[in-house]
Amino acid sequence: MDEFWLHGSDRQSGARVLVHPRSYPYTWTDDLATEAVARTVQSLALPYTVPVLHVGPGIVFAEPPPVRPWPSLGIEAAATCALQTCEVAAHLHARGCGPLLFGPSHLRLVEKDGHWQIRWLVPGFEAVDMYEARAKDHERERAHSRLLGSSASIERDVGLIAGFFVSLLAAVPPPEEILDPAPREAFRTLRRIREEGPEAAGVKDAASLAGIFAVLARVPSTRIQGFPVVRALPRVFPDWDIVITDGEELLKPGSLPRDDRGYVKLPLATAYHQRASRAWARGEHEAALADVERALELDDRAPYHTTRAVLLDTLHRRAEAIAAIAMAFTMDAEAKERGIWNNYERSGRGNAKDVERARAYLTRGLLVLRAGSLDEAEADVRRADELAPSALSKRALAAVARARAR
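Just so you know, full-length UniProt numbering puts 185 at position 185 of the sequence shown, and the rest follows in order with no gaps.
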């Protein structure tokens with residue numbers, strides 16, 4: 001299914017390349033996320049991935065081996081390929097990348113010096129895997145579903161690696177009674193993964209699965225030392241500088257149709273807001289204020305006014321801070337009336353709207369507390385604690401109580 005990629009050649013070297021272009025303006029954030037995975041693959045430079053030559057906009061790969069049906073291999077060769085897959089998956093999981101794509105168009109095989117190796121095209125097209133799972137010329141491979149019912153990315157990937165190994169076998173596994181004890185136990189574990197899932201088999205990460213394949217591939221345990229043990233994908237944030245540079249380029253006159261600019265403006269505003277928050281945490285308050293003001297130019301919404309109020313207060317511009325938090329409540333009321341919400345801003349806990357409103361109430365409460373308005377301060381801080389209780393709201397309530405006791 002190479003028709004899903006563009007084929008080209010490097011203008012300097014003349015080498016053949018594969019191009020994964022960007023899609024449409026409304027998929028800009030998805031394209032950025034895909035390119036972030038490509039940068040991870042590029043930085044890892046693992047021997048079993050197709051080399052990533054260039055990232056942004058779009059992705060350029062070195063030309064991979066052609067797409068072919070997976071070969072039928074013996075146990076050791078199949079286990080060796082599965083072990084290589086575990087190595088790549090373990091390192092990508094450690095960098096927050098997953099779930100991965102496992103179809104023959106992505107997970108390609110090449111014979112080198114008489115030995116089979118994988119060449120994994122990461123990232124890729126999920127639609128290609130979907131088509132291949134239904135293709136008539138992949139009946140054997142299709143029998144092992146790539147779309148497992150697990151919502152956990154790592155558990156899903158572990159199950160699919162086990163399925164990849166089974167799909168490579170030239171025949172059904174040999175009867176257990178003719179196997180040595182260690183390979184026999186390895187096959188039993190793999191069978192349980194296929195029938196009941198990785199968790200039931202006690203295999204919770206790609207590194208643990210690699211240990212099983214190391215037995216079948218007859219390689220020493222030192223081969224898998226250093227594989228990261230990752231059982232939950234770490235949360236990885238975008239490089240906000242890259243997002244902002246890319247977004248501002250797209251917003252230049254003539255780059256996008258007018259109707260498509262919103263697909264860039266709203267997530268770009270979010271990127272500025274996120275970068276502002278991190279600059280504030282580093283003590284770079286002027287830079288943070290400049291970023292949040294750019295966010296407001298792009299998307300005039302309440303949470304950005306709240307952040308602006310916090311920054312102005314930090315810079316001892318109290319009157320402006322009070323005006324900014326008042327604007328936050330005005331914009332929130334208008335947004336509620338019109339049903340407007342920026343889906344690109346997400347909170348890590350609870351209801352995102354309640355968390356943002358709690359932050360606004362808490363900010364206003366602390367500002368009026370400094371001004372000596374204890375009743376107003378207590379009302380705002382209590383409302384913040386009702387909407388989204390936090391350690392900060394508890395400390396603010398204690399501060400109000402201390403002020404009353406003086």
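Glycine included, C-beta positions come from ideal geometry on N, C-alpha and C.
### Message
Cutting at 6 Å between CB atoms, please list the residues of its own chain near HIS106, excluding the five before and the five after it.
### Response
Here the question's residue 106 lines up with position 106 in the sequence shown. So the list reads LEU121, GLY124, once near-sequence residues are dropped.
### Message
Measuring only the C-alpha atoms, how far is ARG39 from GLU286?
### Response
One-based indexing of the sequence shown puts residue 39 at position 39. One-based indexing of the sequence shown puts residue 286 at position 286. Rounded to whole angstroms, ARG39 to GLU286 spans 30 Å at the Cα level.
### Query
Quick one: complete alpha helix (DSSP H) runs, 4+ long, within the segment 207-268?
240-250
### Task
With DSSP collapsed to three states, give me the class of TRP5.
Here the question's residue 5 lines up with position 5 in the sequence shown. Correct three-state label for TRP5: coil.
### Task
Consider the Cβ of ALA210: report whether some Cβ of chain C lies at a distance smaller than 8 Å.
Absence of chain C from the displayed structure is noted, only one protein chain being present.
### Query
What are the boundary residues of the alpha helix (DSSP H) that LEU290 is part of?
The residue labelled residue 290 in the question sits at position 290 within the sequence shown. Just to set this straight, residue 290 is Ala in the shown sequence, not Leu. Run containing ALA290: 285-298, per the alpha helix (DSSP H) assignment.
#### Entry: Exposure of PHE237, with buried meaning 16 or more beta-carbon neighbours within 10 Å
One-based indexing of the sequence shown puts residue 237 at position 237. So PHE237 counts as exposed.
### Query
Near VAL368, which residues of its chain fall below 6 Å by C-beta distance, leaving aside the five closest residues on each side in sequence?
As a working mapping, residue 368 is identified with position 368 in the sequence shown. Counting only Cβ-Cβ distances below 6 Å, and skipping sequence neighbours, we find GLU376, ALA377.
### Query
Can you give the beta carbon distance from ARG235 to GLY98, rounded, assuming they're within the 8 Å contact cut?
To locate residue 235, count along the sequence shown from 1; it is residue 235. To locate residue 98, count along the sequence shown from 1; it is residue 98. Not confirmed; about 12 Å, so no contact.
### Query
Exposed or buried, GLN274, counting other C-beta atoms within 10 Å across all chains shown (16 or more means buried)?
As a position in the sequence shown, residue 274 is number 274, starting the count at 1. Buried.
### Query
Among the residues of its own chain, which have a CB less than 7 Å from the CB of SER9, if the five just before and after it don't count?
Here residue 9 refers to the residue found at position 9 when the sequence shown is read from its first residue. For SER9, where only same-chain residues beyond five positions count, the Cβ hits under 7 Å are ALA15, ARG16, VAL17.
### Cβ neighbour criterion (16 or more within 10 Å) applied to THR330
Locating residue 330 in the sequence shown gives position 330, counting from the first residue. Answer is exposed; the Cβ neighbour count stays below 16.
### Query
DSSP three-state call for LYS112: helix, strand or coil?
The count along the sequence shown starts at 1 and reaches residue 112 at position 112. Three-state DSSP puts LYS112 in a strand.
### Task
Measure from the alpha carbon of LEU233 to the alpha carbon of each residue in LEU362, ALA90, GLU111, then state which is nearest.
The residue given as residue 233 occupies position 233 in the sequence shown. With distances taken between Cα atoms, LEU233 lies closest to ALA90.
#### Entry: Environment of ASP313 [buried if 16+ CB atoms lie within 10 Å]
By 1-based counting over the sequence shown, the position of residue 313 is 313. So ASP313 counts as buried.
### Message
Given this structure, state the Cα-to-Cα distance separating GLY103 from GLY56, to the nearest angstrom.
### Response
To locate residue 103, count along the sequence shown from 1; it is residue 103. To locate residue 56, count along the sequence shown from 1; it is residue 56. Cα to Cα, GLY103 sits roughly 25 Å from GLY56.
### C-beta contact flag for ALA214 and LEU190 at 8 Å
Taking the sequence shown and counting its residues from 1, one reaches residue 214 at position 214. Taking the sequence shown and counting its residues from 1, one reaches residue 190 at position 190. The answer is no: Cβ separation not under 8 Å.
### Query
Is the Cβ-Cβ distance between PRO25 and VAL264 less than 8 Å?
By 1-based counting over the sequence shown, the position of residue 25 is 25. By 1-based counting over the sequence shown, the position of residue 264 is 264. It is a contact, given that the beta carbons lie within the stated cut-off.
### Message
In the DSSP output, which residue or residues are listed as bridge partners for residue 419?
### Response
The requested residue 419 does not occur in the structure, where the chain is confined to residues 1 to 406.
### Query
In or out: GLY74 buried (at least 16 other Cβ within 10 Å) or exposed?
Translated into positions along the sequence shown, residue 74 becomes position 74. Classification of GLY74: exposed, given that the 10 Å Cβ count is below 16.
### Query
Grouping DSSP H, G and I as helix and E and B as strand, with all else coil, what is ALA120?
Counted from its first residue, the sequence shown places residue 120 at position 120. With the sequence shown as reference, residue 120 is identified as Trp, and Ala is not the correct amino acid for it. If DSSP states are grouped into helix, strand and coil, TRP120 belongs with the strands.
### Task
Determine the DSSP secondary structure at LEU169, reduced to helix, strand or coil.
Position 169 of the sequence shown holds residue 169. Note: LEU169 maps to strand in three-state DSSP.
### Query
Would DSSP call HIS316 helix, strand or coil?
Numbered from 1 along the sequence shown, position 316 holds the residue referred to as residue 316. Looking at HIS316 - three-state DSSP - the assignment turns out to be coil, as it is neither helix nor strand.
### Task
Report all residues from its chain with a CB closer than 6 Å to the CB of VAL37; omit the five preceding and five following residues, and keep chain order.
As a first step, residue 37 is located in the sequence shown; it is residue number 37 there, counting from the start. Within the same chain, VAL37 has close Cβ partners CYS97, PRO123.
### Task
Under the assumption that ALA210 contacts VAL158 (Cβ atoms under 8 Å), give the Cβ distance between them as a whole number of angstroms.
Start at 1 with the first residue of the sequence shown, and residue 210 comes out as number 210. Start at 1 with the first residue of the sequence shown, and residue 158 comes out as number 158. Not confirmed; about 10 Å, so no contact.
### Supposed contact pair THR49 and VAL88 - C-beta distance, whole angstroms, cut 8 Å
The count along the sequence shown starts at 1 and reaches residue 88 at position 88. The count along the sequence shown starts at 1 and reaches residue 49 at position 49. Sure, about 6 Å apart at Cβ, within 8 Å.
### Message
Between which two residues does the alpha helix (DSSP H) holding ALA79 run?
### Response
As a first step, residue 79 is located in the sequence shown; it is residue number 79 there, counting from the start. Its alpha helix (DSSP H) spans residues 75-94.
### Message
The alpha helix (DSSP H) that contains ALA36, what's its start and end?
### Response
Walking along the sequence shown from the start, residue 36 turns up at place 36. 28-44 is the span of the alpha helix (DSSP H), which, as asked, contains ALA36.
### Query
According to the Cβ coordinates, are LEU160 and PRO183 closer than 8 Å?
To locate residue 160, count along the sequence shown from 1; it is residue 160. To locate residue 183, count along the sequence shown from 1; it is residue 183. Taking 8 Å as the Cβ cut-off, LEU160 and PRO183 do not qualify as a contacting pair.
### Three-way DSSP call (helix, strand, coil) for VAL52 in this model
By 1-based counting over the sequence shown, the position of residue 52 is 52. Note: VAL52 maps to strand in three-state DSSP.
### Message
Taking a contact to mean a Cβ-Cβ separation below 8 Å, would you say GLU356 touches ALA302 in this structure?
### Response
To locate residue 356, count along the sequence shown from 1; it is residue 356. To locate residue 302, count along the sequence shown from 1; it is residue 302. Result yes, Cβ atoms of GLU356 and ALA302 sit closer than 8 Å.
### Message
Quick check on the burial criterion: 16 or more other C-beta atoms within 10 angstroms. Buried or exposed for ALA371?
### Response
On the sequence shown, position 371 is the one that residue 371 refers to. Exposed, since its Cβ has fewer than 16 Cβ neighbours within 10 Å.
### Query
For the alpha helix (DSSP H) that contains PHE187, what are its first and last residues?
As a first step, residue 187 must be located in the sequence shown, where it is residue number 187. First-last of the alpha helix (DSSP H) with PHE187: 181-196.
#### Entry: Reduced DSSP secondary structure (H/G/I, E/B, other) of ALA62
Here residue 62 is taken as the residue at index 62 of the sequence shown, counted from 1. In this structure, ALA62 counts as strand in the three-state DSSP scheme.
### Simplified DSSP assignment, three categories, for ARG275
Against the sequence shown, residue 275 aligns to sequence position 275. Correct three-state label for ARG275: helix.
### Task
Quick one: using the 10 Å Cβ neighbour count with 16 as the cut-off for buried, is THR307 buried or exposed?
For the purposes of this step, residue 307 is identified with residue 307 of the sequence shown, where counting begins at 1. By the neighbour-count rule (16 or more Cβ atoms within 10 Å), THR307 is buried.
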